[in-house]
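Heads up, the sequence shown is in the numbering used here, so the first residue is 12 and it goes up one at a time.
In this text, a Cβ means the ideal position worked out from N, Cα and C, and glycines have one as well.
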Amino acid sequence: MSEAQHQETFELAALRQRFVSMFSVARRAAAERQFDRVGPALAERLAAVYGGTAGFGEWMATVYEDLGRLAATRSAALVALDQQRALQPDWFLRQHMVGYSAYVDRFGGTLAGVGERIDHLRALGVDYLHLLPFLQARQGESDGGFAVSSFEHVEPALGTMDDLETLASQLQEAGISLCADLVLNHVADDHPWAQAAAAGDAAMRQFFHVFPDRILPDAYEATVGEVFPQAAPGNFSQVPAMGGWVWTTFYPFQWDLNYAHPPVFAAIAHALLQLANRGVKVFRLDSAPFLWKRLGTLCINQPEVHQILAALRACVELVAPGVLLKAEAIVPTEQVSAYFGRDELRGRECQLAYHSGLMASAWAALAEGHAGLPKQLLADTPPPPEACGWVTYVRCHDDIVWGVLRPLAEAAGEDFSRRIGAAAAYLEGRTPGSFARGAAFQTLDGEGVHGSNGMAAALVGLPEHMLDDIQPAALRRYVLLYALAFWVGAVPLIYMGDELGQYSNTDPADAGRVALDGRWLQRPALSTEALAALSSGRGVPAATFAALTALVAARRHQHWPSASKVSVVAHPNPGLLIVQRGDETLGIFNFSASHAMVDLESLGVGTGWSDLFASGADVMTSRDLRKLQPWATLWRSRTHD
Ligand code: GLC
Numbered sequence: 012m013s014e015a016q017h018q019e020t021f022e023l024a025a026l027r028q029r030f031v032s033m034f035s036v037a038r039r040a041a042a043e044r045q046f047d048r049v050g051p052a053l054a055e056r057l058a059a060v061y062g063g064t065a066g067f068g069e070w071m072a073t074v075y076e077d078l079g080r081l082a083a084t085r086s087a088a089l090v091a092l093d094q095q096r097a098l099q100p101d102w103f104l105r106q107h108m109v110g111y112s113a114y115v116d117r118f119g120g121t122l123a124g125v126g127e128r129i130d131h132l133r134a135l136g137v138d139y140l141h142l143l144p145f146l147q148a149r150q151g152e153s154d155g156g157f158a159v160s161s162f163e164h165v166e167p168a169l170g171t172m173d174d175l176e177t178l179a180s181q182l183q184e185a186g187i188s189l190c191a192d193l194v195l196n197h198v199a200d201d202h203p204w205a206q207a208a209a210a211g212d213a214a215m216r217q218f219f220h221v222f223p224d225r226i227l228p229d230a231y232e233a234t235v236g237e238v239f240p241q242a243a244p245g246n247f248s249q250v251p252a253m254g255g256w257v258w259t260t261f262y263p264f265q266w267d268l269n270y271a272h273p274p275v276f277a278a279i280a281h282a283l284l285q286l287a288n289r290g291v292k293v294f295r296l297d298s299a300p301f302l303w304k305r306l307g308t309l310c311i312n313q314p315e316v317h318q319i320l321a322a323l324r325a326c327v328e329l330v331a332p333g334v335l336l337k338a339e340a341i342v343p344t345e346q347v348s349a350y351f352g353r354d355e356l357r358g359r360e361c362q363l364a365y366h367s368g369l370m371a372s373a374w375a376a377l378a379e380g381h382a383g384l385p386k387q388l389l390a391d392t393p394p395p396p397e398a399c400g401w402v403t404y405v406r407c408h409d410d411i412v413w414g415v416l417r418p419l420a421e422a423a424g425e426d427f428s429r430r431i432g433a434a435a436a437y438l439e440g441r442t443p444g445s446f447a448r449g450a451a452f453q454t455l456d457g458e459g460v461h462g463s464n465g466m467a468a469a470l471v472g473l474p475e476h477m478l479d480d481i482q483p484a485a486l487r488r489y490v491l492l493y494a495l496a497f498w499v500g501a502v503p504l505i506y507m508g509d510e511l512g513q514y515s516n517t518d519p520a521d522a523g524r525v526a527l528d529g530r531w532l533q534r535p536a537l538s539t540e541a542l543a544a545l546s547s548g549r550g551v552p553a554a555t556f557a558a559l560t561a562l563v564a565a566r567r568h569q570h571w572p573s574a575s576k577v578s579v580v581a582h583p584n585p586g587l588l589i590v591q592r593g594d595e596t597l598g599i600f601n602f603s604a605s606h607a608m609v610d611l612e613s614l615g616v617g618t619g620w621s622d623l624f625a626s627g628a629d630v631m632t633s634r635d636l637r638k639l640q641p642w643a644t645l646w647r648s649r650t651h652d
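As structure tokens, then:
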């Protein structure tokens, strides 16, 4: 054995000892086995990022001790669930999950109130609930809770940590996995770490990126983009108490954490695992791409980001192995795929990632009237590694971020701003004759191409007043987009209020917020009036709810393939997106405003196949010929006796 190997063995033994010593004597043998399974890989990942920092060895020992403490205090019920899930690591891909994403206050008032809405979620077929940030947020403006002031406390208006535990177990009993945000990139300027740093605590100052003058900030600005170019231009904020400039990618009150400083990693891993021990089953890793800064780059998607996330995953596997990580990386799809892990990290990073490119390309296709962008995007996207899958969605609490389509548009030889700008203008209702009523986000002149806001109902042209007549074509557009998300996704997400076809937020009480940040347009409170219309089977809410439950039911069909491998089928009609899923199902999506004829036999889905789901797909005299109405959807599956 060489000197180096000997050294490593010795260190691992010490780490093992620190981890295991946190358990009671009766549980030590199990803890040792758990360490032997994951502990060495974690050490390797931490060494890859932090190996060169002073005091690395001792720091690592404290990390393992903390992980041991967290693992030893995990409840018996959660440990049992971990064990069950270990037997089937792709459990979330096989159960045909359907997710729902909501703000606690807008959806249920409080965490306890969310518990009272479980029946609503079950009626919809939901088994995965993503609650947007509910931890204690900054006083005043808080970016919808994304400026976290404490990882230890729930936002007082929403409840307590005990309420969170109660809700997590209520959801578990109802077969729903709870997903929570973990804001990785920054904390609020009133978080104790920031306050201590501002008060002169030198150790805490290292938690942030602070610059005495503009020299380095200006050098970074030469290549770094802007998330909110209008409301928060630039990436640095002058903070007199810090004696200089602080890196603030998002709003000035959100201070980026310095992940090059090992204690930041340890503190965030601790925060995540504490919440996992409260019963959170999935973490949405908010703004994951931004964790590592490198001069001369965009300061996103750096290799260290992937090493950090793989290290975080290893921490989770050591302490709470049943828990999933989901990357929120709103970057071009090719780069999002990397969040599943590449090369030696393949399948070892996040199990889930948002398919933001598919979402944006589907909206652009709706505006363009042909399926070119999603077709290309799906053809270019490799299947995720084993036991990993896409989270697909139509709308979310954020804008439709158009930048994710830049490489796709440019690869097609198009000018991004002209092409995608036209699609955005259409969705924002700026094109004559457009059915859509969205709004531009963060464009200085209201005409550039940054993001678009609005609820799905407004973007597809459903009526603003829920009891007004519904144009069948508008409903088909709504169904088309959700059907595509349900078709491609491992976990399709329904966005709060979309099941009721809620329109963009026009509540006068929210007008100020909408004016400050247009994303509040898609954050209306769940409408009790719409819930009443749903229960009496009337208007938009009844129609959209019925459409979604039909999709959920079709997706739960016994022959739905569990693997998320999809492939695009060529067709001469540019309006049609035809996607095969496994060998037994085929989806046809008409993105054009015109009828389309399809011959099912020639697509190989005629004889021996039947409809799994159909919206606007008229049967012609010949059984195999279908007349697809504008924006029609047709899912076919092989018939089994
Ligand atoms: C994510 C969130 C977004 C927030 C940002 C900063 O992108 O989805 O709402 O503004 O992170 O935390």
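The C-beta distance from S603 to W620 rounds to 24 Å, too long to meet the 8 Å contact threshold.
DSSP places T555 inside the alpha helix (DSSP H), whose first and last residues are 550-566. The nearest non-hydrogen atom of the ligand GLC is 7 Å or more from the C-beta of I411. If you compare the alpha carbons of V616, G617, L614, T644 with that of A628, the shortest gap goes to T644. Between the ligand GLC and D116, a heavy atom-to-CB distance of less than 7 Å is absent. With at least 16 other beta carbons inside 10 angstroms of its own, R430 counts as buried. Cβ neighbours of R417 within its own chain (closer than 7 Å, five residues either side excluded): P343, F427.
G156 and N584 have their C-alpha atoms roughly 45 Å apart. Inclusion of I341 in the 7 Å shell around the ligand GLC follows from its C-beta lying nearer than that to a non-hydrogen atom of the ligand.
Classified as exposed, E163 has fewer than 16 neighbouring CB atoms from the shown chains inside 10 Å of its CB.
The segment 418-448 is shown to contain whole alpha helix (DSSP H) runs of 4 or more residues at 427-438, in chain order. Its chain contains E510, L545 as the residues whose beta carbon lies nearer than 6 Å to that of F556, once the 5 sequence neighbours on both sides are disregarded; these appear in chain order. Here P263 has A243, S248 as same chain residues with Cβ atoms under 7 Å from its own Cβ, once five neighbours each way along the sequence are excluded. The segment 176-186 and the segment 232-239 do not touch, with fewer than 3 CB-CB distances between them shorter than 8 Å.
DSSP places M370 inside the alpha helix (DSSP H), whose first and last residues are 367-379. For F452, the CB stays at least 7 Å from every heavy atom of the ligand GLC. When secondary structure is reduced to three states using DSSP, N288 falls in the helix class. Contact between V563 and L135 holds, since their C-beta atoms are separated by about 7 Å, short of 8 Å. Of the heavy atoms belonging to the ligand GLC, none sits nearer than 7 Å to the Cβ of S112. DSSP, read as helix, strand or coil, puts D635 in coil. Per DSSP, reduced to three states, the secondary structure at V115 is helical. A direct Cα-Cα distance of roughly 22 Å separates H272 from E339. F624 sits in a strand when the DSSP states are folded into three classes. Following the DSSP letters along the chain, one finds M608 inside the beta strand (DSSP E) bounded by residues 607-610. Of the candidates Q591, F624, L623, Q591 places its Cα closest to the Cα of L614. Going by C-alpha positions, L369 is about 29 Å away from R305. Along the length of the segment 23-74, whole alpha helix (DSSP H) runs at least 4 residues long occupy 39-61, reported in chain order. Counting C-beta pairs with one atom in each stretch, the segment 77-85 and the segment 272-289 have three or more that are closer than 8 Å, which means they touch. Look at C326 here: in three-state DSSP terms it is helix. S32 places its beta carbon less than 8 Å from that of G79. For the ligand GLC, a non-hydrogen atom lies closer than 7 Å to the CB of S298.
Look at H202: its beta carbon is at least 7 Å from all of the heavy atoms in the ligand GLC. Short of 7 Å from the beta carbon of A25, and not among the five residues preceding or following it, lie these beta carbons of its own chain, in chain order: A72. In terms of Cα proximity to S188, the closest of D201, R96, A278 is R96. Excluding five sequence positions before and after S348, the CB atoms of its chain that fall closer than 8 Å to its own CB belong to A364, T392, P393, P395, given in chain order.
Closest in C-alpha terms to V109, from the list V580, L587, A561, comes A561.
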